[in-house]
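In my numbering, the protein residues as written are 3 to 264.
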């Protein structure tokens with residue numbers, strides 16, 4: 003199946019998976035991330051967009067059980083939130099080194115573990131969709147052993163995306179395929195970055211729906227089983243999270259006076 007859905011390529015993007023400190027209330031950490039920490043990141047020059055995805059604390063895995071695929075999210079690796087950082091150009095991160103240093107210093111105040119995944123330049127795709135988004139799901143995908151990056155990426159873009167667009171009434175669709183994870187890209191002090199090879203991810207998708215009922219109908223529907231069976235040939239784990247909040251702080255290169263919600 004060939005993908006013909008219009009999309010926009012982004013020059014450079016990264017997703018930072020975040021786990022809150024456990025020696026303080028989780029909500030306290032979420033508020034610090036939403037407030038003081040967000041101001042540090044948003045002030046970085048060269049950003050196209052900065053968005054926070056706050057994940058439901060009760061996430062056990064929205065993706066249906068699939069033979070040979072890990073769809074239940076392990077409790078000890080369940081992510082609390084994801085920072086989506088999109089840059090205006092491939093060289094833009096060099097402009098924000100001073101703010102990155104401040105972010106490194108502040109991370110220990112809120113996070114116990116952080117893992118950055120970055121995609122190659124111009125590999126992130128934002129697909130053209132319409133309608134207001136009232137509910138989202140974040141899907142992290144682990145490539146099956148023995149499957150090459152090119153075949154994995156081709157299935158996501160040329161088979162899974164068209165199937166999603168045809169089946170689900172999506173109001174948002176974004177995809178990222180990651181480069182091999184490298185701790186040196188985001189090695190903040192006094193924060194854990196443990197990421198065993200068999201726990202690493204290789205792609206993510208954000209699906210937007212009109213409301214929670216539309217999201218539930220998709221994950222409970224029959225069509226997803228066919229998609230999942232086909233994806234199982236390329237993926238060994240599919241972790242699907244309910245997004246409780248999506249907060250945008252920078253949009254089209256402009257810092258918003260107050261974050262935009264959903």
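We put the beta carbon where it would ideally sit given N, CA and C, even for glycine.
Under 7 Å from any heavy atom of the ligand ZN, does the C-beta of residue i make it?
i, result
"residue 258", "Judged by which ligands are present, the structure shown has none, so any question about the ligand ZN falls away."
Give the secondary structure of residue i by DSSP, where H, G and I count as helix, E and B as strand, and everything else as coil.
i, result
"residue 35", "helix"
"residue 203", "coil"
"residue 246", "strand"
"residue 104", "helix"
"residue 3", "Because residue 3 sits at a pLDDT of 45, beneath the cut-off of 50, its placement in the model cannot be relied upon, and the following sentence gives the value as read from the coordinates. DSSP places residue 3 in coil when its eight states are reduced to three."
"residue 41", "helix"
"residue 26", "coil"
"residue 191", "coil"
"residue 94", "helix"
Whole angstroms are fine: how far does the CA of residue j sit from the CA of residue i?
i, j, result
"residue 264", "residue 182", "30 Å"
"residue 52", "residue 85", "7 Å"
"residue 221", "residue 139", "10 Å"
"residue 55", "residue 247", "6 Å"
"residue 194", "residue 42", "20 Å"
"residue 128", "residue 227", "24 Å"
"residue 151", "residue 171", "28 Å"
"residue 3", "residue 156", "For residue 3, the predicted structure reports a pLDDT of 45, less than 50, and the residue's modelled location is therefore unreliable. A value from the coordinates is still provided. Going by the C-alpha atoms only, they are around 10 Å apart."
"residue 158", "residue 229", "11 Å"
"residue 17", "residue 191", "19 Å"
Should residue i and residue j be called a contact, given that it needs their Cβ atoms to be closer than 8 Å?
i, j, result
"residue 174", "residue 131", "yes"
"residue 180", "residue 120", "yes"
"residue 243", "residue 64", "yes"
"residue 73", "residue 240", "yes"
"residue 94", "residue 14", "yes"
Which residues in the same chain have their Cβ closer than 6 Å to the Cβ of residue i, if we skip the five residues on either side of it in sequence?
i, result
"residue 48", "89, 90, 94, 97, 98"
Tell me which same chain residues have a C-beta within less than 7 Å of the C-beta of residue i, skipping the five on either side of it?
i, result
"residue 79", "201"
* Asked: Mind pulling the beta strand (DSSP E) runs of 3 or more residues that sit fully within the segment 200 to 239?
  -> As far as the segment 200 to 239 is concerned, its whole beta strand (DSSP E) runs of at least 3 residues are 205 to 211.
* Could you name each continuous beta strand (DSSP E) segment of 3 residues or more that falls completely within the segment 109 to 187, going from the start of the chain to the end? => As summarised for the segment 109 to 187, the continuous beta strand (DSSP E) elements at least 3 residues long and confined to that stretch are 113 to 120, 126 to 129, 137 to 145, 174 to 179, given in chain order.
* Jot down the residue ranges of each uninterrupted alpha helix (DSSP H) in the segment 36 to 92, minimum 4 residues, whole runs only, in chain order. => Segments of the alpha helix (DSSP H) lying fully in the segment 36 to 92: 40 to 44.
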